[in-house]
Amino acid sequence: MADMNKEKNLSPSIPDEDPAARIERCYPSLTATEQEAARYILGHLTDVLLSNSTELSRLSGVSQPTLSRLYRKLGYANAGEFRRSVRAIHRPGAPETEAKQDLPDNPVIEHMRRDEASLERTIGNLDPTALASLCSAMASARRICIFGARNSYPIALHLREQLLQLRDGIELLPQPGQSIAEEIVGLDGRDVAIIVAVRRRTALFLPLVDALDARGVRIAVIGDSSARTRLLGRNVNILEADLSSRTLTSYTSAFALAALITDMLSDTLSHMQGHDPAGRIKAINTAFDQLGELEE
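Numbering (the UniProt record's numbering), first residue to last: 1 to 296.
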């Protein structure tokens, strides 16, 4: 029991096996976030040598606990031992390594299983009480403002379209070509902001969170594990999407969170006097018929 090599997460090492080879061998057994960290490391071995744990976490967008778990799964005791192993095969300025992945026997099934695992981890990390509180605030809010840039924009746009089926006062900000400052200056404690912030966030992410918080706005963030690290100590509801990856990232879990928020808000509004989500959807369908906007 005391033998640390019997730890469940520890991968048995192979003599003289370099870090890149260990990553390739262990890659299928890693979680989605650990795979993300592994791919970053293979492409940025110089960063591993020149950065401490805090800096590497910031550069990679992966939390320090995730990096520590990865080192242990690869068979290293800690970050220092891993760094020494990298130093034996790599020098700063040398070409980086790319992660290699074998073609799956059935790519459709493999993709489905990867997304299923991602969804299970995403739902498992949610706090139902906090989510119910957020939806209650959304139901009574004057305005619900949704923010999202780059990869987050399609998710934010989809969430806006879904929430608009349920109530008025749903806004996607900022408008194309416009600045954020003039959009948020009138927000206050009567409003709710949902910021979609997955992968490669813009530099305005934290300043926006702080500016909204200073105005008393209720804030929720749909983000990945790196967003949670960035938001430590801030008054924010974090809905963490466990994003699965192969060559590129799948955002299935982030869209699932948008759907979950919509469903829970609909349930909340249905039990509030003066709100009728089903009646609003019926009225929207009638307007579609009147305008002839949709195909028959």
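Built from N, CA and C at the ideal position, the CB exists for glycine as well. Bear in mind the structure is a predicted one, so any value in this text is a computation, not a measurement.
Helix, strand or coil at residue 32 [DSSP, three-state]: Against the sequence shown, residue 32 aligns to sequence position 32. Looking at residue 32 - three-state DSSP - the assignment turns out to be helix.
DSSP-derived helix/strand/coil call for residue 57: If you number the sequence shown from 1, residue 57 lands on position 57. Reduced to three states, the DSSP call for residue 57 is helix.
DSSP bridge partner residues for residue 142 (one or two, in chain order): Reading the sequence shown from its first residue, position 142 is the one you call residue 142. According to DSSP, residue 142 bridges with nothing at all.
Exposed unless 16 or more other CB atoms sit within 10 angstroms - verdict on residue 95: The residue given as residue 95 occupies position 95 in the sequence shown. Its pLDDT being 44, under 50, residue 95 is placed unreliably by the model, and the measurement read from it follows with that caveat. Classification for residue 95: exposed.
Under the three-state DSSP convention, the category residue 197 falls into: Indexing the sequence shown from 1 puts residue 197 at position 197. Residue 197 falls in the strand class under three-state DSSP.
For residue 170, the three-state DSSP class (helix, strand or coil): Position 170 of the sequence shown holds residue 170. Residue 170 falls in the strand class under three-state DSSP.
Ranges of the alpha helix (DSSP H) found wholly within the segment 230-257, counting only runs of at least 4: none
DSSP bridge partner residues for residue 222 (one or two, in chain order): Translated into the one-based positions of the sequence shown, residue 222 becomes position 222. Paired residue(s): 196 and 239.
CB-CB length for residue 223 against residue 197, believed under 8 angstroms: The residue given as residue 223 occupies position 223 in the sequence shown. The residue given as residue 197 occupies position 197 in the sequence shown. That belief holds up - the Cβ atoms of residue 223 and residue 197 are roughly 4 angstroms apart, short of 8 angstroms.
Backbone secondary structure at residue 80 - three-state DSSP: On the sequence shown, position 80 is the one that residue 80 refers to. Three-state DSSP puts residue 80 in a helix.
Reference residue 208, options 287, 23 and 149, closest by Cα: For the purposes of this step, residue 208 is taken as residue 208 along the sequence shown, with counting starting at 1. Selected option, being the one with the closest Cα: 149.
Alpha-carbon spacing of residue 249 relative to residue 181, whole angstroms: As a first step, residue 249 is located in the sequence shown; it is residue number 249 there, counting from the start. As a first step, residue 181 is located in the sequence shown; it is residue number 181 there, counting from the start. Rounded to the nearest angstrom, the two C-alpha atoms are 31 angstroms apart.
Top-ranked residue by Cα proximity to residue 168, from 50, 116, 281 and 29: Within the sequence shown, residue 168 is the residue found at index 168, counting from 1. With distances taken between Cα atoms, residue 168 lies closest to 281.
Buried or exposed (CB count within 10 angstroms, at least 16 for buried), residue 128: Looking up residue 128 in the sequence shown gives position 128. Exposed.
Continuous alpha helix (DSSP H) stretch holding residue 285: start and end: Reading the sequence shown from its first residue, position 285 is the one you call residue 285. First-last of the alpha helix (DSSP H) with residue 285: 277-291.
Enclosing alpha helix (DSSP H) for residue 124 [first to last residue]: To locate residue 124, count along the sequence shown from 1; it is residue 124. Start and end: 107-124.
Beta-carbon spacing of residue 173, residue 205 below 8 angstroms: In the sequence shown, the residue the question calls residue 173 occupies position 173. In the sequence shown, the residue the question calls residue 205 occupies position 205. No, they are not a contact pair.
Own chain residues within Cβ distance below 8 angstroms of residue 225, not counting five before or after: On the sequence shown, residue 225 is found 225 positions in, with the first residue counted as 1. The answer, listed in chain order, is 33, 62, 63, 66, 240 and 242.
Buried/exposed call for residue 219, threshold 16 Cβ in 10 Å: Taking the sequence shown and counting its residues from 1, the one referred to as residue 219 is at position 219. Buried, because 16 or more other Cβ atoms sit within 10 Å of the Cβ of residue 219.
Residue 213 vs residue 141 beta-carbon contact at 8 angstroms: Working through the sequence shown from its first residue, we reach residue 213 at position 213. Working through the sequence shown from its first residue, we reach residue 141 at position 141. Their beta carbons are not under 8 angstroms apart, which means residue 213 does not touch residue 141 by this criterion.
First through last residue of the alpha helix (DSSP H) which encompasses residue 27: Position 27 of the sequence shown, counting from 1, holds the residue named residue 27. Run containing residue 27: none; DSSP gives neither H nor E here.
Close beta carbons around residue 18, own chain, < 8 angstroms, minus the five adjacent residues each side: Here residue 18 is taken as the residue at index 18 of the sequence shown, counted from 1. So the list reads 85, 88 and 89, once near-sequence residues are dropped.
Pick from 253, 165 and 81 that is closest to residue 287, judged by C-alpha positions: Here the question's residue 287 lines up with position 287 in the sequence shown. For residue 287, the nearest C-alpha among the options comes from 165.
Residue 293 versus residue 27: straight-line alpha-carbon distance, rounded: Your numbering for residue 293 matches position 293 in the sequence shown. Your numbering for residue 27 matches position 27 in the sequence shown. Whole-angstrom Cα-Cα distance: 49 angstroms.
Straight-line Cα distance separating residue 117 from residue 71: As a working note, residue 71 is residue 71 in the sequence shown. As a working note, residue 117 is residue 117 in the sequence shown. Near 22 angstroms, if we compare the C-alpha coordinates of residue 117 and residue 71.
Residue 158 versus residue 257: straight-line alpha-carbon distance, rounded: Working through the sequence shown from its first residue, we reach residue 158 at position 158. Working through the sequence shown from its first residue, we reach residue 257 at position 257. Whole-angstrom Cα-Cα distance: 11 angstroms.
Close beta carbons around residue 275, own chain, < 6 angstroms, minus the five adjacent residues each side: Along the sequence shown, one-based indexing puts residue 275 at 275. Counting only Cβ-Cβ distances below 6 angstroms, and skipping sequence neighbours, we find 269.
Where residue 153 falls, given that 16 or more other Cβ within 10 Å makes a residue buried: Locating residue 153 in the sequence shown gives position 153, counting from the first residue. Looking at its Cβ environment, which holds fewer than 16 other Cβ atoms inside 10 Å, residue 153 is exposed.
Own chain partners of residue 187 with C-beta closer than 6 angstroms, once the 5 adjacent residues on each side are dropped: One-based indexing of the sequence shown puts residue 187 at position 187. Cβ within range, chain order: 215 and 217.
Closest Cα partner of residue 52 within the set 30, 78 and 137: Numbered from 1 along the sequence shown, position 52 holds the residue referred to as residue 52. Nearest C-alpha to residue 52: 78.
Spatially closest choice to residue 254 from 48, 120, 210 and 37, by CA coordinates: If you number the sequence shown from 1, residue 254 lands on position 254. Of the listed residues, the one whose Cα sits closest to residue 254 is 120.
Best match in 278, 195 and 201 for proximity to residue 237 [C-alpha to C-alpha]: The residue you call residue 237 lines up with position 237 of the sequence shown. Checked all of 278, 195 and 201; the closest Cα to residue 237 is 195.
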